[in-house]
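First comes the structure, then the notes that go with it.
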Amino acid sequence: MVAGILQQLVDGLTIGVVYVLLAAGLSVIFGVMHVINFAHGELFALGAYFALALIAPFGGTAFFAALFVAPLLVGILGVAIERFTVRPLYGRNPLYHILLTFGLVLVINDLIYLVWEPGNVNLPTPAILSGTIDVVGLNASVYNVFVIVFGAAMALSVWAMLEHTKYGLIIRAGSQDRQMVRNLGIDIDRYYSLVFGMGAALAAVAGIVLGGYQTVSPEMGMSVIIPAFVIVVLGGLGSFKGAVAGGLLVGIIQTLLRTYAPILEGTVIFLLMIGILLVRPRGLFGVEMEEEGGELLTGSGGVLDDRTRKWVGLAAVGLLALLPLGAGTFYSTYTVTLAIEILVWALFALSLDFVMGYTGLVSLGHALFYGLGAYAVAIALLHVSQSAFVAIGLAIVISAAIAWVVGYLSIRVSGVYFAMITLAFAELFYNMLYRLEITGGSEGLFGISTYYGIGGMGVALDEIGLFLGPVALTGQSLFYYIALAALLGSFLLTRRMLNSPFGSVLKSIRENEQRATFLGYETTRYKRRAFVVSGALAGLAGGLFTLNSGYAAPSFAYWLHSGEVIVMVILGGMGTLYGPIVGSTVFFGLEEILTGFTPRWRLVLGTIFLLFVIFLPRGLVSLPARLKPLVTRDSGPGAEPAPDDSHMRGDD
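Per full-length UniProt numbering, residue 1 is the first one in the sequence shown, and the count goes up by one each step.
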């Protein structure tokens with residue numbers, strides 16, 4: 001028993017050291033630059049693949065050379081990423097860095113698939129690192145011992161550089177008080193590229209040593225980025241000491257739970273993350289950091305007046321209402337299926353825009369409510385009632401109730417910390433879906449329509465037809481109108497809310513929460529109510545998807561879905577309600593067009609999203625107003641106004 005525990009501790013230390021190298025770079029980047037880098041996991045994967053490319057012609061003997069050269073190459077790439085994508089965003093709200101780096105995830109991950117193809121590959125290691133040795137009576141793998149010793153030496157070297165060199169002194173000073181460093185005549189901005197490059201190189205080292213321990217795959221970056229965020233939150237955003245302590249702690253906890261309590265493996269660390277964020281948001285070793293300003297840029301009303309915009313909207317709804325009538329005659333019936341998916345995700349995007357675009361709360365865990373609604377409908381149809389109305393009603397009520405609980409806890413923190421805690425709640429739910437029997441485990445709940453034996457919606461769709469009376473439309477065409485009605489009703493409901501005094505308070509919170517508080521509004525309560533409405537609508541979207549498709553899977557709550565819906569909101573135009581609907585249409589339209597040419601469509605979409613975040617952050621709905629001066633040759637808004645970055649440059 002004791003020997004078994006010791007073996008698990010060695011394995012835990014091995015993974016923990018990898019986490020230390022990964023989280024140290026992530027934490028240093030945030031500490032100096034206040035950038036939450038979601039692409040850090042992809043740089044981790046790139047390190048392993050660069051090493052694989054360098055080792056392949058020579059075999060395992062080239063492992064040590066690759067361990068030096070590959071991180072150098074990834075570090076250079078990191079410098080380029082900072083220079084050409086991150087740097088243009090300095091002075092904006094720090095949450096734009098999250099959005100930007102999520103776009104980089106899509107781009108880099110698809111590039112990995114494009115160059116190296118899917119599948120697991122073994123990273124060759126030299127013969128000297130094979131076999132086992134006895135360490136204090138324990139039979140340990142030589143490679144495990146190498147990873148622990150080498151990783152510890154790397155971490156110690158980085159610590160020594162930060163503590164005992166001029167470069168490290170400037171980095172540490174800049175992480176504590178940037179303006180003070182600038183007042184001393186030091187241009188801290190010149191060090192940003194080097195910091196980002198160093199963090200990328202550390203991630204690459206972690207990817208290489210883990211690749212030799214396990215296997216190399218395109219998914220490895222996405223599988224480690226969430227644990228990396230858990231580590232930096234536990235240890236403290238910006239704290240190197242915290243990254244070391246958090247990395248070792250998470251590595252050991254994960255390994256022990258995987259062996260002795262596998263049902264808890266995916267939940268304990270996220271519960272720890274949530275607890276730390278609620279009790280001590282700065283982490284175990286972090287220091288209080290004042291979040292930088294900068295508003296989340298919202299879309300404008302465009303060039304049309306309110307009356308014209310109303311008639312354009314009515315015309316658009318009229319055209320949408322005619323879509324199923326031409327299916328099978330003017331275009332294939334698949335068009336209706338695609339349109340349903342667009343409508344459901346448009347509702348999902350609208351739900352996020354209500355809380356992000358009008359209160360400034362960026363939720364990285366909104367897939368929680370989408371997945372919750374999907375599973376609520378599936379379980380209700382299987383175990384509670386065959387009525388679609390009952391199932392959807394339960395989905396909305398349950399999603400709203402959970403949103404109230406999550407909002408009650410999460411809204412105690414703000415900014416980056418709010419984004420992190422919503423991500424933690426979503427990952428907690430995602431992992432629970434894999435382990436609960438009622439959710440079908442990793443396979444999810446399939447065959448709902450087969451269970452009832454009637455069409456794509458089973459008895460539920462049949463009941464809707466009966467409630468509505470005799471209609472000519474059935475199946476997908478009928479459900480299209482249900483989805484369209486749900487989206488239109490949600491749009492009108494949220495617009496009515498935003499035009500009420502409640503909506504005016506939400507907008508004032510987005511613009512200046514401190515001023516709203518001074519005016520006597522209890523802003524926390526208003527944000528919580530908005531979060532509940534948003535969660536309920538997201539649950540409705542997930543429930544509609546399951547009603548139509550007949551299944552619910554854990555992937556519905558995966559963090560990548562939260563990122564994709566943010567992409568839709570930004571593409572269309574945040575803070576407009578109709579912008580996310582446009583964004584959803586563009587997202588799935590591009591996917592449909594691009595998949596005809598390449599399965600790596602996210603590469604193109606991610607690139608477009610990067611360009612939008614950098615050059616058109618107000619989304620497509622702002623494009624007419626920006627193009628109007630070019631068409632009419634009148635003076636107008638012209639280019640997107642540059643953010644006020646005087647506080648970044650140290651200007652008076």
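Note that beta-carbon positions come from the ideal geometry of N, C-alpha and C, so glycine has one too.
Whole-angstrom C-beta distance between residue j and residue i, which should lie under 8 Å
| i | j | result |
| --- | --- | --- |
| Ala203 | Val105 | Not really, about 13 Å apart at Cβ, beyond 8 Å. |
| Leu123 | Val216 | 5 Å |
| Ala374 | Gly542 | 4 Å |
| Gly41 | Ile340 | Actually they are not in contact, since the Cβ atoms of Gly41 and Ile340 sit about 33 Å apart, beyond 8 Å. |
| Ala349 | Val569 | 5 Å |
| residue 717 | Ser351 | Since the first residue of the chain shown is 1 and the last is 652, residue 717 is not available in this structure. |
| Gly247 | Ala23 | 5 Å |
| Leu234 | Ala424 | 11 Å between Cβ atoms; not a contact. |
| Leu323 | Leu382 | About 31 Å separates the two Cβ atoms, so there is no contact after all. |
Other residues of its chain near residue i: CB distance less than 7 Å, five sequence neighbours each side excluded
| i | result |
| --- | --- |
| residue 656 | No answer is possible for residue 656: it lies beyond the span of the chain, which begins at 1 and ends at 652. |
| Val317 | Leu488 |
| Ala327 | Thr333, Thr335, Val336, Ser477 |
| Leu26 | Asn37, His40, Gly199, Ala228, Val232 |
| Gly238 | Ser27, Phe30, Gly31, Ser175, Gly286, Met289 |
| Leu162 | Gly168, Ile171, Arg172, Phe240 |
| residue 673 | Outside the shown range of the chain (1 to 652) lies residue 673, about which nothing can therefore be said. |
| Asn139 | Thr132 |
Residue(s) in a DSSP beta bridge with residue i
| i | result |
| --- | --- |
| Ser141 | Thr132 |
| Ala327 | Tyr331 |
| Val216 | Val121 |
| Gln552 | Looking at the sequence provided, one finds Ala at residue 552 rather than Gln. Note: Ala552 sits in a beta bridge opposite Leu445. |
Where the alpha helix (DSSP H) containing residue i begins and where it ends
| i | result |
| --- | --- |
| Ala206 | 189-213 |
| Ser584 | 578-594 |
| Ala321 | 306-322 |
| Asp110 | 95-116 |
| Ala80 | 63-81 |
| Arg496 | 475-498 |
| Ala127 | No alpha helix (DSSP H) holds Ala127; DSSP gives it neither H nor E. |
| Gly247 | 240-260 |
| Ile509 | 501-518 |
| Tyr167 | 166-176 |
| Tyr417 | 415-435 |
| Thr85 | Looking at the DSSP string, Thr85 is not in any alpha helix (DSSP H), and its letter there is neither H nor E. |
| Glu42 | 40-55 |
| Tyr408 | 388-410 |
| Val377 | 367-383 |
| Phe609 | 601-615 |
| Met568 | 559-572 |
| Ile269 | 265-279 |
Sequence-distant residues of the same chain with beta carbon closer than 6 Å to residue i, five excluded per side
| i | result |
| --- | --- |
| Leu630 | none |
| Ile5 | none |
| Leu590 | Leu605 |
| Trp601 | Glu591, Leu594, Thr595 |
| Gly211 | Ala48, Leu123 |
| Ala395 | Gly373, Ala376, Val377, Gly539, Gly543 |
| Asp11 | Thr255 |
| Met356 | Val362 |
Own chain residues within Cβ distance below 8 Å of residue i, not counting five before or after
| i | result |
| --- | --- |
| Asp651 | Low local confidence applies: a pLDDT of 43 at Asp651 is under 50, so the model's placement there is unreliable, with the coordinate-based value given in what follows. None. |
| Val532 | Ala400, Ala403, Trp404, Gly407 |
| Phe418 | Leu361, Val362, Ser363, Ser410, Ile411 |
| Thr494 | Leu350, Phe354, Val533, Leu537, Leu577 |
| Thr165 | none |
| Tyr434 | Gly266, Gly441, Ser442, Pro554 |
| Leu264 | Leu257 |
| residue 653 | Because the chain is modelled from 1 through 652, residue 653 falls outside the range shown and cannot be assessed. |
| Val390 | Ala380, Val384 |
Taking contact to mean 3 or more Cβ pairs, one atom from each stretch, closer than 8 Å, check whether the stretch 92-111 and the stretch 47-62 are in contact.
No, because fewer than three Cβ pairs between the stretch 92-111 and the stretch 47-62 fall closer than 8 Å, the two stretches do not touch.
Take every Cβ of the stretch 564-571, pair it with every Cβ of the stretch 391-410, and state whether three or more of those distances are shorter than 8 Å.
No: the two stretches stay apart, fewer than three of their Cβ pairs being nearer than 8 Å.
For the stretch 81-91 against the stretch 134-149, do three or more pairs of beta-carbon atoms, one drawn from each stretch, fall closer than 8 Å, so that the two count as touching?
The answer is no - the stretch 134-149 does not touch the stretch 81-91, with fewer than three Cβ pairs under 8 Å.
Does the contact criterion of 3 or more C-beta pairs under 8 Å hold for the stretch 253-271 versus the stretch 8-25?
The way I'd put it, the stretch 253-271 does touch the stretch 8-25; three or more beta-carbon pairs between them come closer than 8 Å.
So, do the stretch 578-585 and the stretch 608-621 have three or more beta carbon pairs nearer to each other than 8 Å?
The stretch 578-585, when compared against the stretch 608-621, does touch it at the 8 Å Cβ threshold.
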